[in-house]
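Participant: Heads up, the sequence shown is in UniProt numbering, so the first residue is 1 and it goes up one at a time.
Here it is, the structure in full.
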Amino acid sequence: MSSVDDRAAVSRRLKAATSTTHDRLDARILRARPFDSLGNYATFLAVQYGFHSVVAPLYLRADLIALWPDLPRLARLEDVRADLADLGSALPVGRDRPDLSVVTRPAALGWLYVSEGSNLGAAVLSKAVLRLGLDGQRGARHLQEAAGGRMLRWRAFTSVLDALPLGDADEAAMQQGARDAFGWMQAAVEADMPLRS
């Protein structure tokens, strides 16, 4: 059970509900040492491509664009594709991908929360890729800061999320959507990013 007060913002409750899953994923990614070599990073990019392929339909959903009109321009799939091309890597063959164009809006919100939240973590990753000779112009476009800054983008996202009139069932479905997103990514990392010593 979460220790976050029931009156806390929806985004804070969502963070609390997924923190263990999120922390486990972050730790597993780091154990694959994605920034130790271009080869390791290319493997990380392939996983990122898979995830952004899954979430891409969310950025085109009319029900979500009604909440965030600039949503289509925030998608990062094309940036990941360009990053892979910079490294001379082929586009990876996809694993099973849920069709997020048809999931309920609460579930879609959970997946979108994970996708948009990953942009915050990208602040650290964008510095780590510098030692590989990569940056926002080559190989690490998808990690670069959005116009106005990461926190501005995140606050704009969470302020809308927090203002939504969600009942208990909707909030539970949103939390499950976020857990599903972290779970999809965890499975992809386990399958495609070997542990490095």
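A virtual CB, placed ideally from N, CA and C, is assigned to each residue, including glycine.
For Phe182 versus Val114, is the C-beta spacing smaller than 8 angstroms?
Facilitator: Result yes, Cβ atoms of Phe182 and Val114 sit closer than 8 angstroms.
Participant: Roughly how many angstroms lie between the CA atoms of Thr20 and Asp70, to the nearest whole one?
Facilitator: If I take the Cα positions, the gap works out to 30 angstroms.
Participant: Could you tell me if Gln48 is buried or exposed, where buried requires 16 or more neighbouring beta carbons within 10 angstroms of its beta carbon?
Facilitator: Buried, by the Cβ-count rule.
Participant: Are the CB atoms of Ala17 and Gln175 nearer to each other than 8 angstroms?
Facilitator: Yes.
Participant: Taking Cβ positions, are Leu100 and Leu91 nearer each other than 8 angstroms?
Facilitator: No. Outside cutoff.
Participant: Starting from Gln176, follow the alpha helix (DSSP H) in both directions and report where the run begins and ends.
Facilitator: Looking at the DSSP string, the run of the alpha helix (DSSP H) that includes Gln176 is Asp168 to Asp192.
Participant: Taking its Cβ as the centre, do 16 or more other Cβ atoms sit within 10 Å of Gly139, making it buried, or is it exposed?
Facilitator: Gly139 comes out buried.
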